[in-house]
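Here the structure comes first, spelled out in structure tokens, and everything after it is commentary.
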Amino acid sequence: MEIDKSELTELLIPINTSREDCIVFEKVEKCTYTSGKSPFSMALCLEDDNDDDDDDEEEEEKIIYVHPSINELASKLGVASVTKRFIYTQNTGVLAWGQEEKLTTRISGLLDSYTDGLAVPKELVQNADDAGATKVCFLYDERENLEWRNGLFDQGMAECQGPAIWVYNDAIFEEKDFKNIIELGGKTKILDTEKIGKFGLGFCSVYNVTDVPSFVSKNTLVILDPHLHHLGEAAIGTNPGLRVPLTKSYRKNLSNQFKPYNGIFGCNLEPNNKDEYNKTLFRLPLRTQKQASESEIKDLQYTKREVVELLQKFLDSAANLLLFTQNVKEICVYHLNSKSQNPNEDMKLLFQAWKENTEKSAEETEFNILKKVTSAMKGEQPSEIIFPVQIIEIGIEVSSEAHEISKEFHTSRDITSWIISWGTGNKTFELANKLKQQGAIPVGSVAVPIRRDGKN
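Counting from 1, position 121 in the sequence shown corresponds to residue 121 in UniProt numbering; the numbering is continuous, with no gaps.
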């Protein structure tokens, strides 16, 4: 039977004394044992024998040793070792000084790597591409949802119910994706050479705009709270997030928590809905003024002005983001006004970008480059890889609705033709094999815009 040491602190045990005519007892909590192996054992014994020589020094607690015959038993009873006693009860000035980095500090440091202002859309498009998605949509949702700020996982989540950026893609989160997204170093994805990015590392870009990201895929909701400020009593210990099965019971008893999701890109979390959400939907509640003042990640409040600036940068670069994607062929950006009661009908398309292969042999040239090279690295000869030159069209169109949220947006439509060439070689294959633990893959690509004259 295992002994509960916390219940033995008052137990009396024999101690070591100079008296030979009796046995003296003392409480477990005041005793110390020594095995003779500790470097402190002899020093403390000498100190006890020469207390009179140290009259000028600060008085220290006298060490009470257990009787030598019960040293082994003393350890099992919870008696402090001489090393522990020396470090924690003698005024030696010893402090806990191990390397430690808070999660919020780590994320804040990672955000320093994203300086171009495009981190959020760029990384989420890349992650969607790696997951096999063909379409990615963004939505700026201005609803305050004041009526849905009670009956949540914790009242701390109320501040996360307001305006948000939503990000949708048409791929399903796999189990490995759930693990990848909480791996800050991207290590769980680095060995998958069919993927360009590092999921957890890239996902951290969302903390530019939010402190509490969440997402739904299939029958699961994940909420991440690095500060542990918002999940409150719902948090499991000091774990900075929750993964919740979307059972009918959860959706019924915490219905207000899920209501902002309903009607967003086909998501339905009503209690009576039995269908799984076979897509992926991220919700990034915009950082409020209060959150910004308390955040250890980023002290920037994300208002409508910041969102419009982000959308403008996204518009300028959206077409280029599609150049080298393996799967994603369409990006759409929508807006939902603050008074909307029916998101499914009220979402307005601001702009969209798309790409398509214009060659007659499009079916033959529609392939995943990374998969092909990865397959070759597993056994095929590099010389067997044939990379057809691709000629694609990338279009971008801005709707009249965009002008309503910013005068900087103007209705337009533009299509650009590109020629894309991919390549590899024997030496790069050899190098990749040496660096495969770092996720290296021997592929390079170049894209050049071209002007087409009729069919030529």
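Even for Gly, the Cβ is constructed at its ideal location relative to N, Cα and C.
Item	Value
If you drop the 5 nearest sequence neighbours on each side, which residues of the same chain put their C-beta closer than 7 Å to that of C137?	Y168, F265, C332, Y334
Please say whether R143 and S340 have beta carbons closer to each other than 8 Å?	yes
Where does the unbroken beta strand (DSSP E) through F138 begin, and where does it stop?	135 to 141
Which two residues bound the contiguous beta strand (DSSP E) that contains T280?	277 to 285
What does the alpha-carbon distance come out to for the pair E404 and A131?	34 Å
Could you tell me how far apart the beta carbons of F153 and A74 are, in whole angstroms, since I believe they sit closer than 8 Å?	No, F153 and A74 are not in contact; Cβ-Cβ is about 47 Å, not under 8 Å.
Using only CA atoms, which one of E393, N219, T105 lies nearest to R452?	E393
Can you tell me the Cα-Cα spacing of G232 and L224, whole angstroms?	12 Å
Pull up the distance between the alpha-carbon of S6 and that of P240, whole angstroms please.	30 Å
Which stretch, first to last residue, makes up the beta strand (DSSP E) that contains K178?	Before going on, a small fix: residue 178 reads as Phe here, not Lys. Note, F178: premise wrong, no beta strand (DSSP E); alpha helix (DSSP H) at 175 to 180.
Does DSSP classify P68 as helix, strand or coil?	helix
Which partner residues does I450 have in the DSSP bridge list?	S417
Please classify H229: is it buried, with 16 or more other beta-carbons within 10 angstroms of its beta-carbon, or exposed?	buried
For V222, which of helix, strand or coil comes out of DSSP?	strand
Does DSSP classify residue 460 as helix, strand or coil?	No statement about residue 460 is possible, as the shown extent of the chain runs from 1 to 456 and does not include it.
Which partner residues does V216 have in the DSSP bridge list?	L221, L281
Inspect the CB distances between the segment 65 to 81 and the segment 23 to 33 and report whether three or more fall short of 8 Å.	yes
If you measure between the beta carbons of V120 and V222, is that distance less than 8 Å?	no
Within its chain, find whatever has a CB closer than 6 Å to the CB of P213; leave out the 5 residues flanking it on each side and keep chain order.	V206, L224, L284
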